[in-house]
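Visitor: Submitted below is the structure of interest, expressed as structure tokens.
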Amino acid sequence: MVFVFTFYDLTLTERIFSSSALFKSKSFFDWRAHKNVQVGVKWLLWVCSRCSASFRQMAALARRGASLQPLSNMSVYGPVVKIHPVVLASISDSYERRNEGASRVIGTILGTIDKHSIEVTNCFSVPHNESEDEVAVDMEFAKNMYELHKRVSPTEVIVGWYATGFDITEHSVLIHEYYSREATNPIHLTVDTALQSGKMNIRAYVSAQMGVPGKTVGVMFTPLSVKYVYYDTERIGVDLLQRIRLATNRTKGLTSDLSQVGGAAARVQDMLATVLAYIEDVLSGKVTADNSVGRFLMDLVNKVPTISAEDFENMLNSNINDLLMVTYLSNLTQAQIALNEKLLLL
1 MVFVFTFYDL TLTERIFSSS ALFKSKSFFD WRAHKNVQVG VKWLLWVCSR CSASFRQMAA
61 LARRGASLQP LSNMSVYGPV VKIHPVVLAS ISDSYERRNE GASRVIGTIL GTIDKHSIEV
121 TNCFSVPHNE SEDEVAVDME FAKNMYELHK RVSPTEVIVG WYATGFDITE HSVLIHEYYS
181 REATNPIHLT VDTALQSGKM NIRAYVSAQM GVPGKTVGVM FTPLSVKYVY YDTERIGVDL
241 LQRIRLATNR TKGLTSDLSQ VGGAAARVQD MLATVLAYIE DVLSGKVTAD NSVGRFLMDL
301 VNKVPTISAE DFENMLNSNI NDLLMVTYLS NLTQAQIALN EKLLLL
């Protein structure tokens, strides 16, 4: 298990934030990370395992000044980050609409914080300019957008920020310091919109300051577990995107209510067939029984109400009649409104 620490000169960082000459305006912060900052950057590798080839490889990367990435098998601590599809869609849209010459986009992520999880439900992009030597972020725009979001969704708070790309750079550390003032323990979300590995890798990190009191202070980014969740309304959009993923014209209209009910019934039938096949394999001895699966199936069966086929048919017909009556009344109301409008014109 390897932790990678990046240590920055705190005195230089404070000068960057406090120097009024670096402010383009009251609402536009300009943080400059000069090339000579790299001289003060120190890499410290804390190896909690036996010295191996991984340690020698990472040490060689550190000597060359390469950008170190967390190992995929690194232990993960902290809350679980739950991400909704609308957040990924918004980030992808912001990346596609980025300014010419911009290498990445950043933004604020909103959501709710639970005891053991952080649920990311919304986000918005924040204008910024970035080069090799400096980065400028419009923080006033971020504050105004957050105030507008609070009017619509008061329960959503700032939980961190996102950036497209795969690396955590020196500029990311500076931006993360600002969001640390807006939220407690903000998370940093990286979205690989360039699809470097063939898919959109999404990673979440939380930072912690490390170092000796009165000496150089560093920042440690620890990866968190990422889980994808969705509301029922979001599931409809995700299913639609999956259907048009391989379509030639890339467009497809919404299906009718009856088609959606039929598709849902077909999926339920397929899942029941899978469950029955698993049960038959367990009874025949082909598959080893899993107690957790058995308990889940027992809970599922107990939730099904005991009802005869005749009673179910009567209940279904009654609901259909109610639905037809509501539809008839709606059409009658529309006809009455149209007739009233024509009478008023006479």
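Read in order, the letters of the sequence shown are residues 1 to 346 in full-length UniProt numbering.
Note that beta-carbon positions come from the ideal geometry of N, C-alpha and C, so glycine has one too.
Bridge partners of R203, per DSSP?
Guide: As a working mapping, residue 203 is identified with position 203 in the sequence shown. DSSP output for R203 lists T190 as bridge partner(s).
Visitor: Along the chain, where does the beta strand (DSSP E) that runs through S308 open and close?
Guide: Position 308 of the sequence shown, counted from the first residue, corresponds to residue 308. Per DSSP, S308 belongs to no beta strand (DSSP E) and is neither H nor E.
Visitor: Could you check where the beta strand (DSSP E) with S256 kicks off and where it finishes?
Guide: As a first step, residue 256 is located in the sequence shown; it is residue number 256 there, counting from the start. Taken as a continuous stretch (DSSP letters only), S256 belongs to no beta strand (DSSP E), as it is neither H nor E.
Visitor: With burial defined as no fewer than 16 other Cβ atoms inside 10 Å of the residue's Cβ, what is the status of M271: buried or exposed?
Guide: Within the sequence shown, numbered from 1, the residue matching residue 271 stands at position 271. Exposed.
Visitor: Taking H149 as part of the alpha helix (DSSP H), name the residues at either end of that continuous run.
Guide: Here residue 149 refers to the residue found at position 149 when the sequence shown is read from its first residue. Start and end: 139-152.
Visitor: Are the stretch 145-160 and the stretch 85-94 touching, with three or more C-beta to C-beta distances below 8 Å?
Guide: They do not touch, by the three-pair rule.
Visitor: If you follow the alpha helix (DSSP H) that E156 is in, where does it begin and where does it stop?
Guide: The residue you call residue 156 lines up with position 156 of the sequence shown. Unbroken run through E156: none, as it is neither H nor E.
Visitor: I'd like to know whether the C-beta atoms of V282 and V80 end up nearer to each other than 9 Å.
Guide: Here residue 282 refers to the residue found at position 282 when the sequence shown is read from its first residue. Here residue 80 refers to the residue found at position 80 when the sequence shown is read from its first residue. Not in contact: V282 and V80 (Cβ atoms no closer than 9 Å).
Visitor: Do Y146 and W161 have their beta-carbon atoms positioned less than 9 Å apart in this structure?
Guide: By 1-based counting over the sequence shown, the position of residue 161 is 161. By 1-based counting over the sequence shown, the position of residue 146 is 146. For W161 and Y146, no; Cβs fall outside 9 Å.
Visitor: Evaluate G262 with the Cβ neighbour count: other Cβ atoms within 10 Å of its Cβ, from every protein chain shown; 16 or more gives buried, anything less gives exposed.
Guide: Translated into the one-based positions of the sequence shown, residue 262 becomes position 262. Flag for G262 reads exposed.
Visitor: Residues in its own chain within less than 6 Å of V238 by CB, not counting five upstream and five downstream?
Guide: Along the sequence shown, one-based indexing puts residue 238 at 238. Excluding residues within five positions, the ones whose Cβ falls inside 6 Å are P85.
Visitor: With a threshold of 16 other CB atoms inside 10 Å of the CB of V219, please say whether the residue is buried or exposed.
Guide: Here the question's residue 219 lines up with position 219 in the sequence shown. V219 is buried by the Cβ-count criterion.
Visitor: Return helix, strand or coil for P127, following the three-state DSSP convention.
Guide: Indexing the sequence shown from 1 puts residue 127 at position 127. Here P127 sits in coil by DSSP.
Visitor: Can you tell me which of S284, A102, K143, E234 puts its alpha carbon nearest to the alpha carbon of H128?
Guide: Walking along the sequence shown from the start, residue 128 turns up at place 128. That would be A102, whose Cα lies nearest to the Cα of H128.
Visitor: DSSP on I320, reduced to helix/strand/coil?
Guide: The residue given as residue 320 occupies position 320 in the sequence shown. Helix, per DSSP.
Visitor: Looking only at C-alpha atoms, which of I91, I168, S172 sits nearest to M200?
Guide: As a first step, residue 200 must be located in the sequence shown, where it is residue number 200. Nearest C-alpha to M200: I91.
Visitor: Run through DSSP, which three-state label would F166 get?
Guide: Within the sequence shown, residue 166 is the residue found at index 166, counting from 1. Coil, per DSSP.
Visitor: Excluding sequence positions up to five away, which residues of its chain have a Cβ less than 6 Å from the Cβ of A208?
Guide: For the purposes of this step, residue 208 is taken as the residue at position 208 of the sequence shown. The residues are M220.
Visitor: State the CB to CB distance for the pair P223 and R203, rounded to an integer number of angstroms; the pair is presumed to be in contact (CB under 8 Å).
Guide: In the sequence shown, the residue the question calls residue 223 occupies position 223. In the sequence shown, the residue the question calls residue 203 occupies position 203. Indeed they touch by this definition, with Cβ atoms about 6 Å apart.
Visitor: Thinking G107 and V126 are a contact (beta carbons under 8 Å), I'd like their distance in whole angstroms, please.
Guide: The count along the sequence shown starts at 1 and reaches residue 107 at position 107. The count along the sequence shown starts at 1 and reaches residue 126 at position 126. Right, the Cβ-Cβ distance comes to about 5 Å (below 8 Å), so this counts as a contact.
Visitor: Applying the criterion that 16 or more other CB atoms from any shown protein chain within 10 Å of the CB defines a buried residue, is R181 buried or exposed?
Guide: In the sequence shown, residue 181 corresponds to position 181, counting from 1. When all chains shown are included, R181 counts as exposed.
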